[in-house]
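To start, the structure itself, in structure tokens.
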Amino acid sequence: MKSILIIGMGRFGQHLCRNLAALENEIMIVDQEEERLEDMLPLVVSAKIGDCTNETVLKSLGIDNFDICFVCIGTNFQSSLEITSLLKEMGAKYVVSKANRDIHAKFLLRNGADEVIYPDRDIAEKLAVRYSANHVFDYIELTDEFSIYEIPPLTEWMGKSLKELALRNVYHISILAVKRPDGEMCMMPDADYVILADDHLMVIGMNTDIQRLLDRIK
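Under our numbering, the sequence shown has 173 at position 177, and the numbering climbs by one with no breaks.
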């Protein structure tokens, strides 16, 4: 459990708050508009109405008490930049700021952000990969070259064990997990695991190798 400050309760800020609360973190939220805070009140330990570009408002929050500070302002880049800079000046341990453009990210990093996130861009990239490639149920980019894909098995894999298939040697991929038809997840299956037709395989490897594999799935 961590102590977290979220500044900006737009759609992304609210989604972030709900998910962090579900993981039992202690959360304080801040926004200039009271109505944006109301639905979140049962999920947080504290809520405050205020303009965090105002140094006095920001100081009143006790910035150094939070493990992570999220700046989730997407419509006013100047405010996001000012708040990010002020947070670091006040001793924030770790600042994560939301950006919509690469140029924004560069300025945020230069002005104190420890990390910059692009929720809209990241979701768009994930959807593009998922829906432009056949037979991809889900996708997680790890680096520019490596990713995790959730895919069905090749026809010739069905009824065979991982040991028989030697996927790492033949296809240069590894299976991290198998999602069974009943929803059960088999993590790090051993060499004797036999692949079923309805299995979803979580495979990790280079994008080029996985793409070659996807081209073979019927």
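For glycine and all other residues, C-beta sits at the position ideal for the given N, C-alpha and C.
query: Best match in R164, D116, T204, S93 for proximity to T139 [C-alpha to C-alpha]; result: T204
query: Rounded C-alpha distance that separates A187 from H100; result: 47 Å
query: Segment contact, 8 Å Cβ cut-off, at least three pairs: the stretch 4 to 16 with the stretch 25 to 34; result: yes
query: Residue closest to H131, alpha-carbon to alpha-carbon, out of M198, I25, M202, L104; result: M198
query: Simplified DSSP assignment, three categories, for K102; result: helix
query: Same chain, Cβ closer than 7 Å to S(-1), five either side skipped, listed in chain order; result: E22, N61, F62, D63
query: Whole-angstrom distance between A43 and I25, CA atom to CA atom; result: 5 Å
query: N- and C-terminal bounds of the beta strand (DSSP E) containing C182; result: 181 to 183
query: Check whether V67 and T80 have beta carbons under 7 Å apart; result: yes
query: Residue from I200, S56, I147 with nearest C-alpha to I45; result: S56
query: 3 or more residues per run - each beta strand (DSSP E) lying fully within the stretch 102 to 162; result: 111 to 113, 134 to 137, 142 to 147
query: Reference K94; option with closest CA among L37, G4, V174, H168; result: G4
query: Beta-carbon contacts of V40 that lie in its chain and below 6 Å, excluding the five residues immediately before and after; result: I23, I25
query: For L82, the nearest candidate out of R126, A17, N50 (CA to CA); result: N50
query: M181 beta carbon less than 7 Å from that of A193; result: no
query: Simplified DSSP assignment, three categories, for K55; result: helix
query: Proximity below 7 Å, CB of D134 to CB of E146; result: yes
query: Exposure of L104, with buried meaning 16 or more beta-carbon neighbours within 10 Å; result: buried
query: Spatial distance of K89 from G58 (CA atoms); result: 12 Å
query: Contact check, I171 vs G201, beta carbons under 7 Å; result: no
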